[in-house]
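Here is the structure we will look at.
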Amino acid sequence: MKIGYARKSTHLQDVAHQVDELTKAGCEQIGTVANSRW
37 MKIGYARKST HLQDVAHQVD ELTKAGCEQI GTVANSRW
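Residues in the sequence shown are numbered from 37 upward in steps of one, following my numbering.
What follows is the structure, encoded as C-alpha cells:
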C-alpha cells in the first residue's frame, strides 16, 4: 500500500494538484496539512 502526503505552507497554495499527482502515482491513502509551520 502506498501512502502519500501533501502539504500546503501558505494561503496562496493549494494541495489539489499534489493530491492528483499522488493519486496518479498509486497512493491509496493521502494525508494533507494546510498552513502548518515547522
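In this text, a Cβ means the ideal position worked out from N, Cα and C, and glycines have one as well.
Here the structure is a predicted model, which means the values were calculated and not measured.
Rounded to whole angstroms, what is the Cα-Cα separation between residue i and residue j?
i: Ile-45; j: Ala-70; result: One detail in the question is off: residue 45 reads as Ser in this sequence, not Ile. Straight-line Cα distance between these residues: approximately 6 angstroms.
i: Val-51; j: Ala-42; result: 6 angstroms
i: Ile-66; j: Val-55; result: 7 angstroms
i: Cys-63; j: His-53; result: 14 angstroms
i: Gly-40; j: Glu-57; result: 10 angstroms
i: Ala-61; j: Lys-38; result: 9 angstroms
Which first and last residues belong to the alpha helix (DSSP H) in which residue i is found?
i: Thr-59; result: 52-60
The beta strand (DSSP E) that contains residue i, what's its start and end?
i: Lys-44; result: 39-44
i: Gln-65; result: 65-70
Quick check on residue i: buried or exposed, where buried means 16 or more other Cβ atoms within 10 Å of its Cβ?
i: Leu-48; result: exposed
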